[in-house]
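J.: Following this message is one structure expressed as structure tokens.
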Amino acid sequence: MSESATINETHAADLKSWVESANDGACDFPIQNLPFGVFRRRGGAEPFRGGVAIGDQVLDLGAAHAAGLFSGEAATAAAQAASDSLNGLLAMGPRAWSALRLALSRMLRAGAQDSARATHCLVPQSDAEHAVPARVGDYTDMYTSVHHATNIGRLFRPDNPLMPNFKWLPVGYHGRASSIGVSGQRFRRPRGQVLPAGASEPVFTDCKRLDYELELGIWIGPGNRLGEPVPIGAAESHIFGLCLLNDWSARDIQAWEYQPLGPFLAKSFATTISAWIVTLEALAPYRCQWTRPADDPQPLPYLEAASNRERGALDITIEAWLETAKMRAAGSGAARLSHSSFRHSYWSIAQMVAHHTVAGCNLQAGDLIGTGTQSGPTSDEAAALIELTMGGKKQLMLPDGETRTFLEDGDAVILRGWCEKAGFARVGFGECRGLVLPASA
Ligand code: MN
Numbered sequence: 465m466s467e468s469a470t471i472n473e474t475h476a477a478d479l480k481s482w483v484e485s486a487n488d489g490a491c492d493f494p495i496q497n498l499p500f501g502v503f504r505r506r507g508g509a510e511p512f513r514g515g516v517a518i519g520d521q522v523l524d525l526g527a528a529h530a531a532g533l534f535s536g537e538a539a540t541a542a543a544q545a546a547s548d549s550l551n552g553l554l555a556m557g558p559r560a561w562s563a564l565r566l567a568l569s570r571m572l573r574a575g576a577q578d579s580a581r582a583t584h585c586l587v588p589q590s591d592a593e594h595a596v597p598a599r600v601g602d603y604t605d606m607y608t609s610v611h612h613a614t615n616i617g618r619l620f621r622p623d624n625p626l627m628p629n630f631k632w633l634p635v636g637y638h639g640r641a642s643s644i645g646v647s648g649q650r651f652r653r654p655r656g657q658v659l660p661a662g663a664s665e666p667v668f669t670d671c672k673r674l675d676y677e678l679e680l681g682i683w684i685g686p687g688n689r690l691g692e693p694v695p696i697g698a699a700e701s702h703i704f705g706l707c708l709l710n711d712w713s714a715r716d717i718q719a720w721e722y723q724p725l726g727p728f729l730a731k732s733f734a735t736t737i738s739a740w741i742v743t744l745e746a747l748a749p750y751r752c753q754w755t756r757p758a759d760d761p762q763p764l765p766y767l768e769a770a771s772n773r774e775r776g777a778l779d780i781t782i783e784a785w786l787e788t789a790k791m792r793a794a795g796s797g798a799a800r801l802s803h804s805s806f807r808h809s810y811w812s813i814a815q816m817v818a819h820h821t822v823a824g825c826n827l828q829a830g831d832l833i834g835t836g837t838q839s840g841p842t843s844d845e846a847a848a849l850i851e852l853t854m855g856g857k858k859q860l861m862l863p864d865g866e867t868r869t870f871l872e873d874g875d876a877v878i879l880r881g882w883c884e885k886a887g888f889a890r891v892g893f894g895e896c897r898g899l900v901l902p903a904s905a
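In my numbering, each residue carries its 1-based index in the sequence shown increased by 464.
Here is the structure:
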């Protein structure tokens, strides 16, 4: 079994850290998590560099490496993670990632020999700001929730909601890497061509149907050579870890532009991701069987593997919250809009990578794959406003009396995610926050 699927000493539920805040059971970053990002002290002139979240702190990987706190393969990996992007670490592969994780786990454990020296490598998360953790060469967005595809399809084609290819392949399109921003991203409401209802000609206008999409992002590790597909059995060794991803969507622009080649300007204006990458190894305890209903088409051989059936799915709880400008001013807290689990995905992460490369496309370290909007089987598990409001026909009532069909200027959308399982620690993804600014004048 690969490093990323094996339960080992780093997952033990009884591990505690000498960083006390990591031992609070509700914290996203206990010692069993150890997610990677890049950070610097807020507002300073310091360079961004790699760090690992532990409790309410960040361990500075470059500082820890310089202090001689790593040895062997872990030291080589930590040196790669000391720069302003994690591409070097991502390119190293599961053996190096696992060695670094084990060294971090032992260094940060209660009673660790080096805790006094490691203390000097901590920066409070409240003092830190983040950048996109790696240079994203290519970004791909997939469409792997059968519930989302059915709900959306029903709005446009009530008798035939699912396209005939959906159950045969993980549908996707090539997205835009340059507009990916880290949590905290603020972007202008997009403008573009929209076809008004009943009209025969489009108008140029501010987007009036701005939406979020609750997704996960898959960070690619070592790439494959052009023309050499990744077999499904090896696919997970090409995946470093997962983050939260909001694929903001301008539904009115999308409706007019998307045929025949798919979304273009409706999604390329912004994509927001969480600052932390939770490694596939940290997610090992929360794997579950990947299943396919017996009446559905079974995967073609290149998308089929025993390992995928046994543990290809991941039970990750995901949520989207809305914080309006009014809620922010009142300090009343955000309202939860969506709640689901990634285990409902029709296609697994291994199948997405195998399919992405099967025609010969080469993935590269730092590539990012969006999983597609992860709606669950019930109506309250809808993961975008277009589903929750039936295409804008039904208003959502918010707890403070406000209503929404689509996003307004000043709205912030906050994604959250975490894993829980009896006998294991709770590990979380932090938050993925983005704010809608008014369209340019
Ligand atoms: Mn999407």
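Every residue gets a Cβ at the ideal spot worked out from N, C-alpha and C, and that includes glycine.
Closer than 6 angstroms by C-beta to R880: which residues in its own chain qualify, once you throw out the five before and the five after it? Chain order, please.
T.: Your numbering for residue 880 matches position 416 in the sequence shown. E783, E895.
J.: Just how far apart, CA to CA, sit Q593 and L498?
T.: Counting from one through the sequence shown, the residue named residue 593 turns up at place 129. Counting from one through the sequence shown, the residue named residue 498 turns up at place 34. One detail in the question is off: residue 593 reads as Glu in this sequence, not Gln. Spanning the two alpha carbons is a distance of roughly 18 angstroms.
J.: Tell me whether E677 counts as near the ligand ZN, meaning its Cβ is closer than 6 angstroms to at least one heavy atom of that ligand.
T.: The model depicted lacks the ligand ZN and carries the ligand MN instead.
J.: By Cβ distance, which residues of its chain are closer than 8 angstroms to L680, with the 5 residues on each side in sequence left out?
T.: Sequence index remark: in the sequence shown, residue 680 carries index 216 (1-based). Once the five neighbours on either side are set aside, the close Cβ partners of L680 are L706, C707, L708, L709, I780, I782, F806, G834, T835, Q838, G881.
J.: Between which two residues does the alpha helix (DSSP H) containing G617 stretch?
T.: Indexing the sequence shown from 1 puts residue 617 at position 153. That run of the alpha helix (DSSP H) goes 610–620.
J.: Excluding five sequence neighbours on each side, which residues of the same chain lie with their C-beta closer than 7 angstroms to the C-beta of G840?
T.: Position 376 of the sequence shown, counted from the first residue, corresponds to residue 840. Counting only Cβ-Cβ distances below 7 angstroms, and skipping sequence neighbours, we find H611, S804, S805, H808.
J.: Less than 7 angstroms between C-beta atoms, sequence neighbours within five positions excluded: which residues of the same chain meet that for D524?
T.: In the sequence shown, residue 524 corresponds to position 60, counting from 1. Closer than 7 angstroms at Cβ, skipping near neighbours: R513, G515, C585, V587.
J.: For the ligand MN, any of its heavy atoms closer than 6 angstroms to the Cβ of G557?
T.: For this step, residue 557 is matched to residue 93 along the sequence shown. No - the ligand MN has no heavy atom lying nearer than 6 angstroms to the Cβ of G557.
J.: Could you have a look at A432 and say whether DSSP puts it in helix, strand or coil?
T.: Absent from the structure is residue 432, since the part of the chain shown begins at 465 and ends at 905.
J.: What residue does the alpha helix (DSSP H) around N551 start on, and which one ends it?
T.: Here residue 551 is taken as the residue at index 87 of the sequence shown, counted from 1. Element bounds for N551: 551–556.
J.: If S812 sits next to A846, beta carbons under 8 angstroms apart, how far is it from one beta carbon to the other, in whole angstroms?
T.: Sequence index remark: in the sequence shown, residue 812 carries index 348 (1-based). Sequence index remark: in the sequence shown, residue 846 carries index 382 (1-based). Contact doesn't hold; Cβ gap of about 22 angstroms is too wide.
J.: Can the beta-carbon of F493 be found closer than 7 angstroms to that of I518?
T.: Here residue 493 is taken as the residue at index 29 of the sequence shown, counted from 1. Here residue 518 is taken as the residue at index 54 of the sequence shown, counted from 1. Cβ atoms of F493 and I518: closer than 7 angstroms.
J.: Tell whether a beta-carbon distance below 7 angstroms holds between A789 and D675.
T.: As a working mapping, residue 789 is identified with position 325 in the sequence shown. As a working mapping, residue 675 is identified with position 211 in the sequence shown. It is not a contact, given that the beta carbons lie outside the stated cut-off.
J.: Nearest CA to the CA of L786: which residue from K731, I717, A746, R897?
T.: For this step, residue 786 is matched to residue 322 along the sequence shown. The shortest C-alpha separation from L786 is found at R897.
J.: Cβ-heavy atom distance between D605 and the ligand MN below 6 angstroms?
T.: Position 141 of the sequence shown, counting from 1, holds the residue named residue 605. At least one heavy atom of the ligand MN is nearer than 6 angstroms to the Cβ of D605, so yes.
J.: Given a cut-off of 7 angstroms on the beta-carbon distance, is the pair K858 and D760 in contact?
T.: Reading the sequence shown from its first residue, position 394 is the one you call residue 858. Reading the sequence shown from its first residue, position 296 is the one you call residue 760. Cβ distance not < 7 angstroms, so K858 and D760 don't count as in contact.
J.: Would you report the Cα separation of T608 and S549, rounded to the nearest angstrom?
T.: As a working mapping, residue 608 is identified with position 144 in the sequence shown. As a working mapping, residue 549 is identified with position 85 in the sequence shown. Roughly 29 angstroms between the two C-alpha positions.
J.: Nearer than 6 angstroms: is that true of the beta carbon of D711 relative to any heavy atom of the ligand MN?
T.: Taking the sequence shown and counting its residues from 1, the one referred to as residue 711 is at position 247. Yes, Cβ of D711 sits closer than 6 angstroms to a heavy atom of the ligand MN.
J.: What is the DSSP secondary structure of T837, reduced to helix, strand or coil?
T.: Here the question's residue 837 lines up with position 373 in the sequence shown. Coil at T837, not helix or strand.
J.: Assign V667 to one of two classes, buried (16 or more other C-beta atoms within 10 Å of its C-beta) or exposed (fewer than that).
T.: Taking the sequence shown and counting its residues from 1, the one referred to as residue 667 is at position 203. Its Cβ having fewer than 16 others within 10 Å, V667 is exposed.
J.: When the Cα atoms are used, what is the spatial distance from P660 to A799?
T.: On the sequence shown, position 196 is the one that residue 660 refers to. On the sequence shown, position 335 is the one that residue 799 refers to. Looking at the two C-alpha atoms, the distance is approximately 31 angstroms.
J.: Whole-angstrom Cβ separation of I741 and W683, contact assumed at under 8 angstroms?
T.: One-based indexing of the sequence shown puts residue 741 at position 277. One-based indexing of the sequence shown puts residue 683 at position 219. So it is a contact: roughly 5 angstroms between Cβ atoms.
J.: Apart from the five residues on each side of it in sequence, which residues of its chain come closer than 8 angstroms, Cβ to Cβ, to K672?
T.: Position 208 of the sequence shown holds residue 672. Correct list, in chain order: V658, D716, F870.
J.: Does any heavy atom of the ligand MN sit closer than 6 angstroms to the C-beta of G836?
T.: Translated into positions along the sequence shown, residue 836 becomes position 372. Correct: G836 has its Cβ closer than 6 angstroms to the ligand MN.
J.: Grab the span of the alpha helix (DSSP H) containing M627 for me, first residue to last.
T.: If you number the sequence shown from 1, residue 627 lands on position 163. Looking at the DSSP string, M627 is not in any alpha helix (DSSP H), and its letter there is neither H nor E.
J.: Can you tell me where the beta strand (DSSP E) with W720 in it begins and where it stops?
T.: Numbered from its first residue, the sequence shown carries residue 720 at position 256. Careful: W720 lies outside any beta strand (DSSP E), inside the alpha helix (DSSP H) at 715–721.
J.: Compute the Euclidean distance between the alpha carbons of E677 and E851, then round it to the nearest angstrom.
T.: The count along the sequence shown starts at 1 and reaches residue 677 at position 213. The count along the sequence shown starts at 1 and reaches residue 851 at position 387. If you take the alpha carbons of E677 and E851, they lie about 10 angstroms apart.
J.: In chain order, what residues of the same chain lie with their CB nearer than 8 angstroms to the CB of R655, ignoring the 5 residues before and after it?
T.: For the purposes of this step, residue 655 is taken as residue 191 along the sequence shown, with counting starting at 1. Contacts found: F668, T669, D670, C671, A903, S904.
J.: Near A486, which residues of its chain fall below 7 angstroms by C-beta distance, leaving aside the five closest residues on each side in sequence?
T.: Along the sequence shown, read from residue 1 onward, the residue named residue 486 stands at position 22. F493, P494, I495, I518, G519.
J.: Which same chain residues end up closer than 8 angstroms to G507 when comparing Cβ atoms and leaving out the 5 residues on each side of it in sequence?
T.: Your numbering for residue 507 matches position 43 in the sequence shown. Closer than 8 angstroms at the Cβ level, and outside the excluded window around G507, lie E593.
J.: Taking the beta carbon of A927 as the centre, do at least 16 other beta carbons fall within 10 Å, making it buried, or is it exposed?
T.: Shown here, the chain extends from 465 to 905; a query on residue 927 therefore has no answer.
J.: If you reduce the DSSP assignment to three classes, tell me which class V516 lands in.
T.: The residue you call residue 516 lines up with position 52 of the sequence shown. The answer is strand: DSSP assigns V516 an E or B state.
J.: Return helix, strand or coil for N710, following the three-state DSSP convention.
T.: Along the sequence shown, read from residue 1 onward, the residue named residue 710 stands at position 246. Note: N710 maps to strand in three-state DSSP.
J.: Would S796 pass as a contact of D864 if the rule is Cβ separation under 7 angstroms?
T.: The count along the sequence shown starts at 1 and reaches residue 796 at position 332. The count along the sequence shown starts at 1 and reaches residue 864 at position 400. Cβ distance < 7 angstroms, so S796 and D864 count as in contact.
J.: Terminal residues of the continuous alpha helix (DSSP H) containing R890?
T.: Locating residue 890 in the sequence shown gives position 426, counting from the first residue. Careful: R890 lies outside any alpha helix (DSSP H) and carries neither H nor E.
J.: Count the C-beta pairs between the stretch 771–779 and the stretch 727–739 that are closer than 8 angstroms, then say yes if the count reaches three, no if not.
T.: Judged by Cβ distances under 8 angstroms, the stretch 771–779 makes no contact with the stretch 727–739, as fewer than three pairs qualify.
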